[in-house]
Amino acid sequence: MHKHISSSQNPTVKKILQLQEKSRSRKKEGGFLIEGLREISLAISGGYTITELYIKESFIEDVSVVALIASLEGVMVTSLADEVYRKVAYREGTEAVIAFAKAKTTTLQELQLPENPLVLIAEAPEKPGNIGALLRTADAAAVDAVIIANPKTDLYNPNIIRSSVGCVFTNQIAMAATDAVISFLQDRNIQIFSAILQEAQPYHTQDYTKASAIVVGTEATGLTAPWRTASTQNIIIPMNGDIDSMNVSVAAGILTFEAKRQRGF
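Just so you know, we're using our numbering here: the sequence shown kicks off at 585 and counts up by one.
Listed below in structure tokens is the structure:
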């Protein structure tokens, strides 16, 4: 199926803009937008269902685009006049393709964990850029799951997709309230290492070779009290400079890669 849009006043164009800008529109439609061939390919590999493609008219016969269309059975293809595509494109420099994908549910119960998992947990991250960076870290370390506790933004915010360079599709991800996450970990005998200053031990002195969850909070407020209560051990990254905190994704990278080192990568 193929159609063409030449006017920026077309209702479909307005729908695309709302999906980019409004979380409630993504929730209402049960899906979200992905921009760029690499990100779309990662989403397909990650089991996401693509139902629509919006393609810049001058790019419609590109070999990569033709191959993408051929690989997606029953997808609706809409070509957009170049000036219309420029209006809806979220970022410059992509391959002039936008896909609409169906959202996945992100409940804890749907996580498929191995016998001895390593899980990265972030509580209440607000900045999409930080979430994207955390997901890139999680992908690089090949953790078994990422859990966002007390989420402040929806997972398919276009800034998260962009800043994660598609790693939002390569990780197992769940979102839930902090109390539910703690219960989930305790029920599965997963030890909890919380990045909290109080009563903490240097991170490199701990044993992460058993089922483990590494938990990080925001730079501004850190982790909430329940993590201190539930923690198997609070951990710190010794710092020798003049400041006492670092970006959450950097801290997560240090902690998760120590755990991976102990596990022999």
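Even glycine gets a Cβ: it sits at the ideal position worked out from N, Cα and C.
Same chain, Cβ closer than 6 Å to residue i, five either side skipped, listed in chain order
i      : result
Met759 : Thr690, Ile732 and Pro735
Asn741 : Pro712
Val730 : Leu704, Ala722, Asn755 and Ile757
DSSP bridge partner residues for residue i (one or two, in chain order)
i      : result
Tyr740 : Its beta-bridge partners do not exist; DSSP assigns none.
Pro786 : Ile820
Gly806 : Thr802
Lys640 : Leu664
Gln604 : Answer is none; Gln604 lacks a bridge partner.
Val703 : Ala729 and Ala797
Lys587 : Thr662
Ala760 : Ala733
Leu617 : Phe684
Phe777 : Ile798 and Gln817
Ile634 : Ala685
Short Cβ contact (8 Å threshold) for residue i with residue j
i      : j      : result
Ile600 : Leu617 : yes
Glu636 : Phe684 : yes
Gln775 : Ser796 : yes
Asp728 : Val703 : yes
Tyr792 : Gln756 : no
Pro810 : Thr762 : yes
Ser592 : Gln602 : no
Glu679 : Leu621 : yes
Val650 : Phe643 : no
Thr662 : Lys612 : no
Ala814 : Ile745 : no
Lys576 : Asn700 : Only positions 585 to 849 of the chain appear in the structure, and residue 576 is not among them; the question remains open.
Tyr632 : Lys598 : no
Cβ-based neighbour list, residue i, same chain, cut-off 7 Å, excluding 5 preceding and 5 following
i      : result
Leu626 : Gly750, Phe753 and Thr754
Phe768 : Leu692
Gly630 : Phe753 and Thr754
Gln790 : Phe777, Gln817 and Ile819
Phe841 : Ala725
Ser747 : Pro712, Gly713, Gly716 and Ala717
Thr805 : none
Asp666 : Lys640, Glu641 and Ser642
Leu695 : Ala729, Gln756 and Ala758
Pro822 : Pro786
Beta-carbon proximity list for residue i, same chain, < 8 Å, skipping 5 on both sides
i      : result
Asn743 : Pro712, Gly713 and Gly716
Gly837 : Thr721, Ala724 and Ala725
Glu710 : Lys736, Thr737 and Thr802
Gln604 : Leu617, Val672, Tyr674 and Pro742
Integer Cβ distance of residue i from residue j, believed to fall under 8 Å
i      : j      : result
Val681 : Ser590 : With a Cβ gap of about 18 Å, Val681 and Ser590 do not count as contacting.
Ala843 : Ile780 : At roughly 17 Å, the Cβ-Cβ gap does not stay under 8 Å, so Ala843 and Ile780 are not in contact.
Asn831 : Glu803 : 7 Å
Ile624 : Leu652 : 7 Å
Ser707 : Leu839 : Note that residue 707 is Glu in the sequence shown, not Ser. Not a contact, Cβ separation roughly 14 Å.
Val800 : Ala835 : 6 Å
Contact with chain B by residue i, beta-carbon distance below 8 Å
i      : result
Asp646 : The chain labelled as chain B is not found in the depicted structure, where only one protein chain is given.
Does the region 661 to 675 come close enough to the region 710 to 728 that 3 or more CB-CB pairs lie under 8 Å? Verdict: no, contact absent.
With contact counted as at least three CB pairs below 8 Å, one residue from each stretch, are the region 781 to 789 and the region 806 to 824 in contact? Enough Cβ pairs lie closer than 8 Å, so yes.
Inter-stretch contact (C-beta, 8 Å, three-pair minimum) for the region 609 to 616 and the region 637 to 646: Touching, no, given that fewer than three Cβ pairs across the two stretches are closer than 8 Å.
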